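Colleague: One structure is given below, represented as structure tokens, and several questions about it will come after.
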Amino acid sequence: MNDLGFLAKKCRRKSTNLSIREDVMAAVRALGLNASQVAERALVEALRQAAAAAWVEDNVEAIAAHNERVDRTGLYNVGLRRF
């Protein structure tokens, strides 16, 4: 599930039951927060973090090879930098 492009699309909402601690829901209501929006944002963020972790896991060998090459040969733009 590395492709999260579907998150940008607008789509219908699906009613879902969640079990949330009573004290948390009381605080949400007291602050006038929309629990559905907060939960959706948290789930989207969890999806993004899981996708990022999966990407790193899928590319760990390529990242290591790149880092080794940079250690061995340096950065490609060293002579081009003006700082």
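Taken in order, the sequence shown gives residues -13 to 69; the numbers are from the working numbering. All C-beta atoms, glycine included, are put in the ideal place defined by N, C-alpha and C. All values derive from a computational prediction rather than experimental measurement.
#1: Please list the segments of the alpha helix (DSSP H) lying wholly inside the segment 28 to 67, counting only runs of 4 or more residues, in order along the chain.
#2: Distance check for R58 and A48, CA to CA, integer angstroms please.
#3: Any chance the segment -13 to -3 sits against the segment 18 to 36, with 3 or more Cβ pairs inside 8 Å?
#4: Tell me the rounded alpha-carbon separation between D44 and A50.
Modeller: Checking against the coordinates, here is how it stands:
#1: 46 to 59
#2: 15 Å
#3: yes
#4: 12 Å
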